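Structure first, then comments.
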Amino acid sequence: MKTVIAGTTMPVLEITLDAGERIVAEGGDVAWLTPGLDIETSTAFASGGKGGFMSGLKRLVGGGQLFLTQYTAPAAGGFVAFAAQLPGTIRELAIDPSDEYMVQSGSYTASTADVEVSVGLQKKLGAGIFGGAGVVFQKLAGNGTAWVQLAGEIVEYDLQAGQSLLIHPGHLALYRADMELEFASIKGIKNKFFGDSLFLAQLHGPGHVWLQSMTPAKLAAAIEPYLPDKSSSDN
Numbered sequence: 000m001k002t003v004i005a006g007t008t009m010p011v012l013e014i015t016l017d018a019g020e021r022i023v024a025e026g027g028d029v030a031w032l033t034p035g036l037d038i039e040t041s042t043a044f045a046s047g048g049k050g051g052f053m054s055g056l057k058r059l060v061g062g063g064q065l066f067l068t069q070y071t072a073p074a075a076g077g078f079v080a081f082a083a084q085l086p087g088t089i090r091e092l093a094i095d096p097s098d099e100y101m102v103q104s105g106s107y108t109a110s111t112a113d114v115e116v117s118v119g120l121q122k123k124l125g126a127g128i129f130g131g132a133g134v135v136f137q138k139l140a141g142n143g144t145a146w147v148q149l150a151g152e153i154v155e156y157d158l159q160a161g162q163s164l165l166i167h168p169g170h171l172a173l174y175r176a177d178m179e180l181e182f183a184s185i186k187g188i189k190n191k192f193f194g195d196s197l198f199l200a201q202l203h204g205p206g207h208v209w210l211q212s213m214t215p216a217k218l219a220a221a222i223e224p225y226l227p228d229k230s231s232s233d234n
């Protein structure tokens with residue numbers, strides 16, 4: 000298996016598979032592929048060998064898809080490509096029992112067959128912020144390789160034991176699964192949803208964290224004034 004991450008602002012992940020090699024991905028995210036790949040959709044994929052409907056249901060609760068698609072290369076091999084959905088970057092992660100990750104919902108792109116994708120954390124943040132949906136992270140565990148999409152520019156920190164960082168939840172893209180995460184309302188910062196306070200995530204070391212400069216919510220808010228008015232177009 001060989002991978003290439005091509006492009007800059009809107010990258011593309013190309014995965015070249017040798018005969019019999021498999022990868023799993025969100026069903027509708029494929030951009031292009033060579034003919035001859037065996038394509039199968041099931042709730043059992045991305046379950047790390049623990050497949051079944053309940054695994055798919057847990058993934059759905061975590062913001063992913065109930066059914067995932069597996070691509071298996073024929074004897075001649077082949078490749079499949081996935082395009083980023085937002086300006087940013089695609090990162091490759093090596094997954095094993097000592098390297099498990101929490102990734103913001105919607106960032107998972109693809110993985111090898113023995114990686115488990117499940118709900119890792121859910122937190123309601125009130126009716127106004129994030130459309131009332133709160134923050135959801137998916138956990139990447141098992142053994143293999145996974146690829147994730149992170150939005151905007153990426154800043155990384157290594158937190159030592161005893162260190163912590165306060166982070167707006169939308170900017171928290173990816174972190175090591177063994178790190179402790181909690182949420183708190185921080186006084187002294189005006190916020191339109193919480194008044195004289197700001198709701199932040201507090202991540203505790205030791206561990207590595209990836210922060211993204213762009214959030215889907217802020218991107219949507221930035222382009223909303225330029226979208227056609229549905230009510231006026233209907234008339």
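For the sequence shown, the positions run 0 to 234 when numbering that gives the first Met the number 0 is used. Backbone N, C-alpha and C fix where the C-beta goes; we use that ideal spot for every residue, glycine too. Computed from a predicted model, the values in this text were never measured in an experiment.
Asked, Found
"Please confirm whether A18 and A80 have their CB atoms less than 9 Å apart.", "no"
"Would DSSP call L218 helix, strand or coil?", "helix"
"Would you mind giving the Cβ-Cβ distance between I94 and V114, rounded to the nearest angstrom? I have them listed as a contact below 8 Å.", "5 Å"
"Any idea if P10 is buried or exposed, counting beta-carbon neighbours within 10 angstroms, 16 or more meaning buried?", "buried"
"In the DSSP output, which residue or residues are listed as bridge partners for A72?", "In the DSSP output, where bridge partners are listed per residue, A72 has none listed."
"Tell me whether S106 is buried or exposed, calling it buried when 16 or more other Cβ atoms sit within 10 Å of its Cβ.", "buried"
"D95 by DSSP, collapsed to three states: which one?", "strand"
"Going by the CB atoms, is the gap between L210 and L171 shorter than 9 Å?", "yes"
"Specify the secondary structure class of G161 as computed by DSSP and reduced to three states.", "coil"
"According to DSSP, is E223 helix, strand or coil?", "helix"
"Helix, strand or coil for D113 per DSSP?", "coil"
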